[in-house]
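Quick note on numbering: the working numbering labels position 119 of the sequence shown as 138, and the sequence is numbered without any gaps.
All residues carry an ideal CB built from backbone N, CA and C; glycine is no exception.
These numbers were taken from a predicted model, which means no experiment stands behind them.
Taking it in order: structure first as structure tokens, then the write-up.
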Amino acid sequence: MGKVIAIDGPSGAGKGTIAKLLAKELGFSCLDTGALYRAVALALREKRIEPEDSDDKLKAALTNIDVSFVDGRVLLNGKDVSEEIRTTEIGHYSSVFSARKVVRDFLLGIQRNAAKNADIVAEGRDMTTVVFPDAWKKFYLDASLNERAKRRYLQLKEQGVDITESEAKNDVVERDKRDSSRDIAPLRKAEDAVLIDSSTMTSGEVLEYLLKIIRADH
Ligand code: DC
């Protein structure tokens, strides 16, 4: 098992950007677990699975799904879906389907396998609490709601998504609420995770702060 730096936090907190920068700086691989949930949601929607469908139906649909994260790209049954999964619609369905135990169980092994033979920076909602509870380093990255909504808006705009600022804010609020209130693996700060509020920090400043902590007890 390689070293794991686990980062959790709500939508728009900047986990993706920071995880990539950190991985590059340390020569680790990066694991974007939200992308895996998004790919599963895309696959389930392609199979016409609805959020209210039974566990058995979901389980059956999952047996033919193969998702992986390779060199920063998300592969669904061998096809690169990295761009396709970034819509607000798939963001919504990924949050909805991620509350189902069958979906979380399906992705658990895939996520843990990523750390089998590599040092990784893993980011998501339950990296520090469920997937890698014994991670080498644990962080909880947060920012104010307004700042997260702004970041999400700019990120979606950059990706060419047609969205207003208030729609982006609603999307962040709705997903936060669902991701934090679900019964299984809800988003929460692990007791031993270092909390960073990045509301007034640049990504460069957050990176420096994390590196200082990581290098302090080398
Ligand atoms: O990080 P993201 O916005 O790409 O994640 C999409 C959804 O996937 C998010 O709303 C909740 C779910 N998710 C999760 O439940 N657990 C994770 N470790 C990562 C994401």
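| Asked | Found |
| --- | --- |
| Residue environment, alanine 154, which counts as buried when at least 16 other CB atoms sit within 10 Å | buried |
| Beta-carbon contacts of arginine 92 that lie in its chain and below 6 Å, excluding the five residues immediately before and after | Asp99, Ser101 |
| Collapsed DSSP secondary structure at alanine 212 in the structure displayed | coil |
| Contact set for glutamine 130: own chain, Cβ-Cβ below 6 Å, skip 5 residues either direction | Thr52, Val150 |
| Burial state of arginine 123, where buried means 16 or more other Cβ atoms lie within 10 Å | buried |
| Rounded distance between the beta-carbons of leucine 63 and phenylalanine 116, thought under 8 Å | 6 Å |
| Assigned secondary structure, valine 23 (DSSP; H/G/I helix, E/B strand, else coil) | strand |
| For alanine 162, three-class secondary structure by DSSP | coil |
| Limits of the unbroken beta strand (DSSP E) element including aspartate 51 | 48 to 51 |
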